[in-house]
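Just below is one structure, and these are the notes that go with it.
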Amino acid sequence: MYSEGFLTEDDTLLRARERAGQLGCTPVLPGSGAVLRLLAAAAQARAVVEIGTGAGVGSLYLLRGMPEEGVLTTIDVEIEHQRAAKEAFSEEGLRSTRTRTISGRALDVLPRLTDGGYDLVFVDADKESYPAYVEQALRLLRPGGVLAIDNALWHDRVADPARRDEVTTVIREVGRMVRDDARLLPAMIPSGDGLLTAVKR
Ligand SMILES: C[S@@+](CC[C@H](N)C(=O)[O-])C[C@H]1O[C@@H](n2cnc3c(N)ncnc32)[C@H](O)[C@@H]1O
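Next comes the structure, spelled out in structure tokens:
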């Protein structure tokens with residue numbers, strides 16, 4: 004698709020994408036990656052949480068948008084995935100203080116992070132937990148902070164009312180949750196597999 008190929012990826016991103024393929028974890032598509040970088044830059048996000056590190060493709064995009072002193076806290080339950088992400092961070096030449104990788108189940112880790120302490124939260128892990136991740140994100144974000152949720156269109160299944168499988172239903176519910184929450188200013192960005200975004204008022 005033209006919009007997904009509009010910006011090309013450099014070798015560091017392509018190698019991270021390759022490692023993701025080897026590990027079987029799906030990274031953000033280039034169009035969504037570019038939007039994440041843009042959001043991090045526009046918000047001048049110094050403190051970012053990523054739920055679902057994978058092999059670090061989304062992390063690289065976020066870090067490229069964040070200011071030099073920004074710190075990405077990224078959580079994944081799979082140590083192998085985080086090991087691959089760390090390879091990508093070192094190829095990128097990032098100082099070790101720019102990333103805080105935490106291994107564990109996100110719902111165990113997130114409650115330990117500071118209320119209102121974050122400028123951007125990116126949700127990209129197990130879909131069944133998305134509603135709980137949105138609740139946590141609302142607590143973690145400062146006023147004016149940005150929420151971004153990947154796979155919000157879930158291979159176009161969310162838009163098809165005939166699709167009633169569990170994952171599609173949960174993601175559809177998350178869409179409603181974000182759209183109807185008076186604390187949020189939402190926008191559905193049809194990049195990649197759909198990036199549902201919102202600013203916390
Ligand atoms: C779609 S991949 C993340 C891709 C990554 N954000 C990127 O763009 O490269 C989803 C990741 O979520 C992780 N994951 C699944 N369930 C999790 C959980 N309960 N807590 C934390 N991480 C989880 C998986 O191990 C996997 O690495």
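In the numbering used here, the protein residues as written are 4 to 204. Yeah, the Cβ is synthetic: ideal placement off N, Cα and C, and Gly gets one too. Just so it is clear, the structure is predicted and the values come from calculations on it, not from any experiment.
Integer Cβ distance of residue i from residue j, believed to fall under 8 Å
| i | j | result |
| --- | --- | --- |
| C28 | A58 | 6 Å |
| L63 | L16 | 6 Å |
| D163 | I54 | At roughly 26 Å, the Cβ-Cβ gap does not stay under 8 Å, so D163 and I54 are not in contact. |
| K130 | I174 | 6 Å |
| D122 | V51 | 6 Å |
Under the three-state DSSP convention, the category residue i falls into
| i | result |
| --- | --- |
| D111 | helix |
| E53 | strand |
| M191 | strand |
| V161 | coil |
| G147 | strand |
| L2 | Residue 2 is absent from the model: the chain starts at 4 and stops at 204. |
| D153 | strand |
| T171 | helix |
Beta-carbon proximity of residue i to residue j, cut-off 8 Å
| i | j | result |
| --- | --- | --- |
| L110 | I152 | no |
| A201 | L150 | yes |
| F92 | L39 | no |
| E12 | G195 | no |
| I105 | I82 | no |
Practice item. Pair every Cβ in the stretch 131 to 144 with every Cβ in the stretch 91 to 103, then say whether three or more of these pairs are closer than 8 Å. Key: No, the stretch 131 to 144 is not in contact with the stretch 91 to 103.
**Study point:** Completely contained alpha helix (DSSP H) runs for the stretch 11 to 42, where each covers 4 or more residues
**Key:** Runs of the alpha helix (DSSP H) inside the stretch 11 to 42: 14 to 26.
**Study point:** Complete beta strand (DSSP E) runs within the stretch 69 to 102 (minimum length 3 residues, chain order)
**Key:** Runs found: 74 to 79.
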